[in-house]
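Visitor: In my numbering, the protein residues as written are 17 to 152.
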């Protein structure tokens with residue numbers, strides 16, 4: 017059993033299993049961008065659920081958009097560190113319209129922790145959007 021990289025399921029997410037050809041079962045979020053394809057092959061879908069005690073961390077990407085300012089990245093990273101969450105990678109850039117876009121990969125234990133981190137980051141001054149990234 018493998019966890020998909022397209023939708024990065026976390027304990028607490030509603031999930032489905034998809035039987036792949038030659039690679040076993042891949043676990044996806046129920047709202048995965050690829051679910052349209054899965055539903056065309058219902059014979060390959062199986063019901064799955066999280067174990068009650070799921071340990072470990074899972075890498076999840078979030079994207080933050082904010083009006084650019086001095087110290088923005090520092091404030092975002094400090095907020096995440098204050099929530100006891102590890103940052104695995106960061107990619108930051110400023111668009112021509114002066115909007116800062118920061119993509120972060122975080123080590124997350126469950127959906128509750130992710131929501132908590134996202135809520136705190138959304139309160140950083142000048143931040144106007146914090147979204148979980150889904151890849152198709």
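For every residue, glycine included, the Cβ atom is placed at its ideal position computed from N, Cα and C.
So for residue 132, helix, strand or coil by DSSP?
Guide: To locate residue 132, count along the chain shown from 1; it is residue 116. Three-state DSSP puts residue 132 in a helix.
Visitor: Applying the criterion that 16 or more other CB atoms from any shown protein chain within 10 Å of the CB defines a buried residue, is residue 116 buried or exposed?
Guide: Walking along the chain shown from the start, residue 116 turns up at place 100. Buried, because 16 or more other Cβ atoms sit within 10 Å of the Cβ of residue 116.
Visitor: Should residue 62 be labelled buried (16 or more other beta-carbon atoms within 10 Å of its own) or exposed?
Guide: Here residue 62 refers to the residue found at position 46 of the chain shown. Residue burial annotation: residue 62 is exposed, with fewer than 16 other C-beta atoms found within 10 angstroms of its C-beta.
Visitor: At 4 residues or longer, and completely inside the region 43-76: list those alpha helix (DSSP H) runs for me, N to C.
Guide: 51-54
Visitor: Between 64, 120, 125, which lies nearest to residue 150 when the distance is taken from Cα to Cα?
Guide: Indexing the chain shown from 1 puts residue 150 at position 134. Check the Cα spacing between residue 150 and each of 64, 120, 125: the tightest is with 120.
Visitor: Which first and last residues belong to the alpha helix (DSSP H) in which residue 98 is found?
Guide: For this step, residue 98 is matched to residue 82 along the chain shown. Element bounds for residue 98: 88-98.
Visitor: Given residue 39, which residues of its chain have a CB within under 8 Å of its CB, disregarding the five upstream and five downstream residues?
Guide: By one-based count along the chain shown, residue 39 stands at place 23. Closer than 8 Å at the Cβ level, and outside the excluded window around residue 39, lie 18.
Visitor: Once DSSP output is grouped into helix, strand and coil, what is the label at residue 105?
Guide: One-based indexing of the chain shown puts residue 105 at position 89. Looking at residue 105 - three-state DSSP - the assignment turns out to be strand.
Visitor: Evaluate contact between the region 100-108 and the region 42-50, counting only Cβ atoms and requiring at least three cross-stretch pairs below 8 Å.
Guide: Three or more beta-carbon pairs separated by less than 8 Å are not found between the region 100-108 and the region 42-50, which leaves the two stretches without contact.
Visitor: Between the Cα of residue 127 and those of 27, 23, 32, spot the shortest distance and give me the residue it belongs to.
Guide: Counted from its first residue, the chain shown places residue 127 at position 111. With distances taken between Cα atoms, residue 127 lies closest to 27.
Visitor: Does residue 20 come out as helix, strand or coil in the three-state DSSP assignment?
Guide: If you number the chain shown from 1, residue 20 lands on position 4. Coil at residue 20, not helix or strand.
Visitor: CB-CB under 8 Å to residue 122, same chain, minus the five flanking residues each way: which ones, in chain order?
Guide: Counting from one through the chain shown, the residue named residue 122 turns up at place 106. If we look at residue 122 and ignore the five residues flanking it on each side, its Cβ neighbours are 75, 76, 77, 78, 96, 101, 102, 103, 104, 130, 133.
Visitor: What does DSSP give as the partner residues of residue 33 in its beta bridges?
Guide: For the purposes of this step, residue 33 is taken as the residue at position 17 of the chain shown. Per DSSP, 43, 62.
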